[in-house]
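Enquirer: Here the sequence shown stands for residues 1 to 69, where the numbers follow UniProt numbering.
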Amino acid sequence: MREGYVALGIGFVVVGLLMIAYPRRLGRFRNRGAADPEPTPMLQKQIRYLGGPLVVVLGSWLTVLAASG
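#1: Confirm the yes/no value for this check: CB of R32, any heavy atom of the ligand HEM, distance under 6 Å.
#2: Given a cut-off of 7 Å on the beta-carbon distance, is the pair R24 and Q46 in contact?
#3: At the level of alpha carbons, what is the spacing between V64 and A21?
#4: Quick one: what does DSSP say Y5 is sitting in, helix, strand or coil?
#5: How long is the line joining the alpha carbons of V55 and R28, rounded to whole angstroms?
#6: If I measure Cβ to Cβ from F12 and keep anything under 6 Å in the same chain, skipping five residues before and after, which residues do I get?
#7: Count the other CB atoms, across all protein chains shown, that sit within 10 Å of the CB of M19; report buried if there are 16 or more and exposed otherwise.
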């Protein structure tokens, strides 16, 4: 069961790094049903500087806890 949590944590880290690296692409994916799917600069900043690092920290924390427990 622990291996599943480790894999989930690693997945979170990868998704967080993708959020940091490609905020515009992820913003477009989020707005895909809107009339103008182009993300605003503020949304890109929120994805890159807030969402990405939080997801990386969550994934790292989950991985360390699952691997050590």
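For each residue, glycine too, the CB sits at the ideal point set by N, CA and C. Keep in mind it's a predicted model, so treat the numbers as computed, not measured.
Expert: On the basis of the supplied data:
#1: Summarising the ligand content, the structure contains no ligands, and the ligand HEM is consequently not present.
#2: no
#3: 23 Å
#4: helix
#5: 19 Å
#6: V55, L58 and G59
#7: buried
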